[in-house]
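Student:
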Amino acid sequence: MSRSIVHDRRSVVPALSRLVAIPLALALATPALLPASAAPAAGPVAAPTQLQTYERTRPVAPGVTAGSLETFDDRGWQQGNTLSVDLTKGARIDYLSSGKVSATKPIDQQANEAGAVAAVNGDFFDINNSGAPLGPAVANGQLVKSQSEDPYTAVAFDPQGVGRVLEVLFEGTAGPYQLDRLNSPVLRKDEIGAFTSLWGSYSRAHAVAGATKVAEVAVTGDTVTAVGTTAGTGDIPAGTTILLGREAGADELGQLKVGDRVPVSFTPRASDGSTVRTAVGVHALLVKDGKPQPVDDVTYAGRTGLGFSADGTKMIVVSIDSNRLTHSRGATLTEMGKILAARGAYVGVELDGGGSTTMVSRRPGTTKVQVDNVPGDGVVRPVPNGLAVMAPKGSGKVHGLWVETAADGRTAPGDAPVPSGRPDRVFAGTTRTLTATPYDEVYGAVKQTPRINWSASHGSIRDGVFRASTPGRVTVRATTSGGRGSTDLEVLGPVRRVAPTSATLNITTTGTFGLVGFDAYGNSAPIEPADVRLSYDQSLLQVEPTADGRFELTPRKESGAAVITARIGGLETSVGVSIGVEKRVLDTFDTAEQWRAGSARAAVSVSKVAEGENGSGLKLSYDFSQSALTRNAIAIAPQPLGGTEQARAFGVSVFGHGKGEWTAFGVVDATGRSSTIYGPYVTWNGWQNVELAVPEGLAQPVRLTRIYTLETKAAAQYAGEVVLDNVYVKAAPQVTAPAAPPVRDGLVQTARSVDGRDWRFAVMSDAQFVARDPNSPLVQAARRTLREIKAAEPDFFVIAGDFVDEATEADFQLAKRILNEEIGTSVPYYYVPGNHEVMGSAIGNFTKYFGAPQRVFDHQGTRFVTLNTASGTLRGGGFDQVAMLRTALDEAAKDRRIGSVVLIEHHPPRDPTPAKNSQLGDRHEAALIERWLAGFQHDTGKGAAFIGGHVGTFHASRVDGVPYLVNGNSGKAPATGADNGGFTGWSLLGVDQVSAGEQAQARWRPDRGGPNWLSAQIRPHVDELTVSAPATLRRGATAKVSATLTQSGRTVPVAYPVSADWSTSHNLRYDAATGTLTAIGTGPATLSVKVNGTVKTVTVQLTR
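If you want this note's numbering, it's the position in the sequence shown, counting the first as 1, plus 6.
1. Quick check on the DSSP output: the alpha helix (DSSP H) that includes serine 759 runs from which residue to which?
2. Just curious, the alpha helix (DSSP H) that proline 707 is in, first and last residue?
3. What three-state label does DSSP hand asparagine 986 in the structure shown?
4. Quick one: which unbroken beta strand (DSSP E) runs of 3-plus residues sit fully inside the segment 245-298? Chain order, please.
5. Would you mind sorting arginine 793 into buried or exposed? The rule is 16 or more other CB atoms within 10 Å of its CB.
6. Around the Cβ of alanine 200, are there at least 16 other Cβ atoms within 10 angstroms (buried) or fewer (exposed)?
7. Pop quiz: leucine 346 and valine 366 are said to be a contact at Cβ under 8 Å. What is the actual Cβ separation, rounded to whole angstroms?
8. Where do the N-terminal and C-terminal ends of the beta strand (DSSP E) with aspartate 378 fall, by residue?
9. Below 8 Å, can you find three or more Cβ-Cβ pairs linking the segment 850-859 to the segment 814-821?
10. Given this structure, state the Cα-to-Cα distance separating threonine 4 from arginine 1110, to the nearest angstrom.
11. Spatial neighbours of leucine 926 within its chain, please: CB distance less than 6 Å, with the 5 preceding and 5 following residues excluded, ordered by chain position.
12. Counting only runs that start and end within the segment 902-986, where is the beta strand (DSSP E) found for 3 or more residues in a row?
13. What are the boundary residues of the alpha helix (DSSP H) that methionine 321 is part of?
14. Since glutamate 564 is in the alpha helix (DSSP H), which residue starts that stretch and which ends it?
15. Could you name the residues that DSSP lists as bridge partners for methionine 770?
16. Take asparagine 118 and list the residues in its own chain whose beta-carbon comes closer than 7 Å to its own, dropping the five residues that flank it on each side.
17. Helix, strand or coil: how does DSSP classify methionine 342 here?
18. CB aspartate 129 to CB asparagine 379, shorter than 7 Å?
19. Please state whether DSSP places histidine 663 in a helix, a strand or coil.
20. Let me know the secondary structure DSSP gives glutamine 544 once reduced to three states.
21. Report the option in Ala526, Leu292, Trp1010 and Val452 whose CA atom is closest to the CA atom of glycine 406.
22. Give the DSSP-derived three-state secondary structure of methionine 890 in the structure shown.
23. Please determine, among Ser1021, Thr990 and Pro686, the residue with the shortest C-alpha to C-alpha distance to tyrosine 970.
24. With a threshold of 16 other CB atoms inside 10 Å of the CB of proline 269, please say whether the residue is buried or exposed.
25. Check whether the segment 948-963 touches the segment 976-985, counting contact only when three or more Cβ pairs, one atom from each stretch, lie closer than 8 Å.
26. Following the continuous alpha helix (DSSP H) through isoleucine 113, name the residue where it begins and the one where it ends.
27. One question on the structure: do glutamine 56 and threonine 71 come within less than 7 Å of each other, judged by their Cβ atoms?
28. When you compare each of Val700, Ile570 and Ala721 to arginine 637 by their alpha carbons, which one comes out closest?
29. Give every residue of the same chain whose Cβ lies closer than 8 Å to the Cβ of alanine 145, excluding the five residues on either side of it in the sequence, and list them in chain order.
30. Label glutamine 166 either buried or exposed according to how many other C-beta atoms from any shown protein chain fall within 10 Å of its C-beta, with 16 as the threshold for buried.
31. Tell me the DSSP bridge mates of glutamine 56?
32. Using 7 Å as the threshold, is the C-beta distance between glycine 648 and valine 735 below it?
33. Per DSSP, what kind of secondary structure is glutamate 619 in: helix, strand or coil?
34. Buried or exposed: glutamate 936, going by 16 or more other Cβ atoms within 10 Å of its Cβ?
35. Quick one: grab the DSSP three-state call for alanine 1091.
36. Do glutamate 599 and lysine 614 have their C-beta atoms within less than 7 Å of each other?
Here you go:
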């Protein structure tokens, strides 16, 4: 499949209309029952095969621009950097090196020493040996070295600065002898090479390794000064040339003697006859005549590519990060060609890649370059050469001011699924620190620091510290004699709650945390340290603010624990800090016979063996060939393992056989709730340590109860075993920070509120029944849910995944029968697949009975997009559906008939439970969804919402003004406590059409959270409803009232997130928010509560 680059320069909140639409006809494949009001299919349009999700650029020098980008396609993510140079605007390209051919330095160091404003790594080189580049090199018209391999392509620049791709040929003689190489780390059989003082000190013996005969001659001032039969080492004096020959070349040099006159000369010759001022060797040709070349489209790696426009006056450089330290998958050479061609390259080539890939550039007003990409080695790799972008010398006088927030969004405290923050936002009543860096006419540093005057369109600012007042967009300006600059900030409403980036920290040397604030609509922004008052044990900790808006902690004692309390106005939050960690062995399996075996769909046994890592061990044996569904083998501890300390991690030694089993630990927290922590796959043979961190939100102390191996792949059929030994805990001193108050989102409303909307739809999920037990409690729960939905008479309903459990044909046949028997044709429905719709099977069984696994449809002004996350990711369901979502949003933004969009998929972007096991596996996909939905609502004023399932709890939240509903289970046992959304039931949502006026108001005041268009009624199954209220109440007196419901032996408080409608007689008043009943009259009174159609009424006698 060809992959075109979609030019879509998105800001942090992406624009909405820059992608080609995909055929919605494909998305609108007929569901089980299609609502009569479903939108007609759109006409077919070519689908984008790659989405550019992010691109930012900044000036470096006149005609020089640096940028960063992110793309997403069917192969995954790419993160990279760009450098664009207009060679007609004054910048020139120089050869960059360490000064010696056989010496390496990091590119940023080379660039700073040369005074470059930007640079990129250059040629492939003799890594781990001499370090010398393998291709030709020309600096300022002088030949530095010849190619070491024939032929060898180069990028070259002529004296006018025009770039081209050619061969730089070597011509040289030493007296009567022809020279084959110059300063080359390799000499071929029978060759003669020359080495100058530029070579460096590395042993020249490396160049003639394996030679049967060697001769070396030193020539100074055209006269032989030394001869020898071995290759030398050490620096070569200026003015001296060393001639080194092997085999036939050695024979020729062997004829020379000291005192012989041997003139040495050499020169580069361009293959096209042009004059070369600068040249560096390159590798594969990626673009020719503007067309990407079919090179290697298999191997992914960090890459550097360089291209020129047809006239050679524009240079394009692109680097793509590898997957070693980022989510970027790297790139193939074919992909690099496509990227270069899409950016205007008429010819393009490959520079050295992998850990060598490095791009650096200067920020406006600075003197040093910074590293722009993420080096694959974790640090900038020393390399022999590169290309330097040199800018004209500036006057040093102020020409402008580069204004930005002091905190970088990439590292600022934030709440996104991937580490990042929004310092471009600030809450009313709080501050944001900005910087203004002066620069001259070439974006260079100025000679004298000027006095800067600050102003803002509203709010106040002094010395770069802006204090926000009125919500809305604000422009902050900085001016000085000779220049000015500005930046925009978004002022949010008042901060309503605050949270730390880490609720607990364990430190030994230093640690950091930040604070993130939230307004009433879930918009987040970093809280500046200057706006915070901290309280903590200063004898135990030293706490200092950092430049990026965080706090750095330094312990003053070797061990201890403390709580840091942070106050922002009237708000408060806490961070628990422990110092030091101790590794303590919990079980060496000397009494392994006390452990028990557990299983799911597998034959499993445990036994004590003598061949542990140290002494005896525990063998966990299993047969995973008995089912295609997920199989578990479990070693169950005789009692929970751990202590009273704070468990930071558990570990165990595992002897594996490389069969790919998935590992996991079962733990239980202080509340008695069990969680699973998933680990690596057993891809190794022999012993290896497996250590898994304890999720932050679990109530301490946490103890280990089980050790698992799992197999989820249907095709993986095998029997296997692992041996376990030396279970341990890494424990820190116990610290308990006050729990954050629960967040109650306004999306959850009463039946009265939902029924008052224009129209309604329902959502159910996670019944998880199997066909082999067609009358099971899970089937009965699913049927009950469907009957309740039918009775509510919604316009349609959505099954948000995991309706069945094992994805067999029989499961789907039963599902179809249940739907036909309980619903028939009375209510249209859509079925969205979850992970259990492919459990042990491909998606084919689902599509056979229920049609397309993703779709787009419109209903009464709302566009619905359903996606397939059965594999746990968006891309796992096909990249086409990601493009479909983008197109659906773009078209909805332009369609006046559409006032809102709802995205429904099984896996939510965020799992609200501490273990975080039930969210989208690709956190960058999660961040993308949140950005796209927020961007759609923010830019259009139309509504956006997300609905998912999978977690096993009912939960509502808001991210950047967009409501997110996690629907709980409709049959399967919940994953959380009954007082925290852990009950069975379903959701009914009420929808209003969003008018053009409401859209305009939302665009004008995005700080108000978008239009009010959606509310949800959380409807638990109710077996019995009970109200606790006083039998009598004196007039004017108050009393607390509560209610509970029971379902399948579970007692559930009638409190958030349960939707309940309370009503009273005329002489009573009830405040549902506080649960307070007030007598306002006398005589008999009634109090009623209605939950999911069930009503309970109690009588209260009101007295004087």
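From the three backbone atoms N, C-alpha and C, an ideal C-beta is built for every residue, glycine too. Model, not experiment: these values are computed from the prediction.
Tutor: Well, looking at it:
1. Within the sequence shown, residue 759 is the residue found at index 753, counting from 1. Run containing serine 759: 757-761, per the alpha helix (DSSP H) assignment.
2. Here the question's residue 707 lines up with position 701 in the sequence shown. It is not in any alpha helix (DSSP H) - proline 707 carries neither H nor E in the DSSP assignment.
3. Start at 1 with the first residue of the sequence shown, and residue 986 comes out as number 980. Reduced to three states, the DSSP call for asparagine 986 is helix.
4. 246-252, 270-276, 284-287 and 291-294
5. Your numbering for residue 793 matches position 787 in the sequence shown. Its Cβ having fewer than 16 others within 10 Å, arginine 793 is exposed.
6. Your numbering for residue 200 matches position 194 in the sequence shown. Label assigned to alanine 200: buried.
7. Here residue 346 is taken as the residue at index 340 of the sequence shown, counted from 1. Here residue 366 is taken as the residue at index 360 of the sequence shown, counted from 1. Going by Cβ atoms, the distance from leucine 346 to valine 366 rounds to 19 Å, so no, they are not a contact pair.
8. As a first step, residue 378 is located in the sequence shown; it is residue number 372 there, counting from the start. Taken as a continuous stretch (DSSP letters only), aspartate 378 belongs to no beta strand (DSSP E), as it is neither H nor E.
9. yes
10. Examination of residue 4 is not possible in this model, given that the chain is present from 7 through 1110 alone.
11. Counting from one through the sequence shown, the residue named residue 926 turns up at place 920. Excluding positions up to five away in sequence, the list reads His913, Pro915 and Ala932.
12. 906-910, 949-954, 961-965 and 968-972
13. For this step, residue 321 is matched to residue 315 along the sequence shown. Unbroken run through methionine 321 is the beta strand (DSSP E), 320-326; no alpha helix (DSSP H).
14. As a working note, residue 564 is residue 558 in the sequence shown. Careful: glutamate 564 lies outside any alpha helix (DSSP H) and carries neither H nor E.
15. Walking along the sequence shown from the start, residue 770 turns up at place 764. Methionine 770 pairs with Ile805.
16. Residue 118 sits at position 112 when you count from the first residue of the sequence shown. So the list reads Lys374 and Val375, once near-sequence residues are dropped.
17. As a first step, residue 342 must be located in the sequence shown, where it is residue number 336. Methionine 342 falls in the helix class under three-state DSSP.
18. Position 123 of the sequence shown, counted from the start, is the residue given in the question as residue 129. Position 373 of the sequence shown, counted from the start, is the residue given in the question as residue 379. No; because the gap between Cβ atoms is not below 7 Å, this pair is not in contact.
19. Along the sequence shown, one-based indexing puts residue 663 at 657. Here histidine 663 carries a strand assignment [DSSP, helix/strand/coil].
20. Counting from 1 along the sequence shown, the entry for residue 544 is found at position 538. Correct three-state label for glutamine 544: coil.
21. Reading the sequence shown from its first residue, position 400 is the one you call residue 406. Checking every option, the nearest Cα to that of glycine 406 belongs to Val452.
22. Position 884 of the sequence shown, counted from the first residue, corresponds to residue 890. Helix at methionine 890.
23. Residue numbering aside, residue 970 sits at position 964 when the sequence shown is read from its first letter. When only C-alpha atoms are compared, the closest one is Ser1021.
24. If you number the sequence shown from 1, residue 269 lands on position 263. Exposed, since its Cβ has fewer than 16 Cβ neighbours within 10 Å.
25. yes
26. Reading the sequence shown from its first residue, position 107 is the one you call residue 113. Here the alpha helix (DSSP H) through isoleucine 113 covers 113-120.
27. By 1-based counting over the sequence shown, the position of residue 56 is 50. By 1-based counting over the sequence shown, the position of residue 71 is 65. Not a contact, by the Cβ cut-off of 7 Å.
28. If you number the sequence shown from 1, residue 637 lands on position 631. The residue with the shortest Cα to Cα distance from arginine 637 is Ala721.
29. Your numbering for residue 145 matches position 139 in the sequence shown. Closer than 8 Å at the Cβ level, and outside the excluded window around alanine 145, lie Asp100, Tyr101, Ser103 and Thr284.
30. As a position in the sequence shown, residue 166 is number 160, starting the count at 1. Counting Cβ neighbours within 10 Å, glutamine 166 comes out exposed, since fewer than 16 surround it.
31. One-based indexing of the sequence shown puts residue 56 at position 50. Paired residue(s): Asp79.
32. Locating residue 648 in the sequence shown gives position 642, where the first residue counts as 1. Locating residue 735 in the sequence shown gives position 729, where the first residue counts as 1. Against a cut-off of 7 Å, the Cβ pair of valine 735 and glycine 648 comes out as a contact.
33. Translated into the one-based positions of the sequence shown, residue 619 becomes position 613. Coil, per DSSP.
34. Here residue 936 corresponds to residue number 930 of the sequence shown, with the count starting at 1. Flag for glutamate 936 reads buried.
35. Residue numbering aside, residue 1091 sits at position 1085 when the sequence shown is read from its first letter. Of the three classes helix, strand and coil, the one that applies to alanine 1091 here is strand, per DSSP.
36. Here residue 599 corresponds to residue number 593 of the sequence shown, with the count starting at 1. Here residue 614 corresponds to residue number 608 of the sequence shown, with the count starting at 1. Remark: C-beta atoms of glutamate 599 and lysine 614 approach each other more closely than 7 Å.
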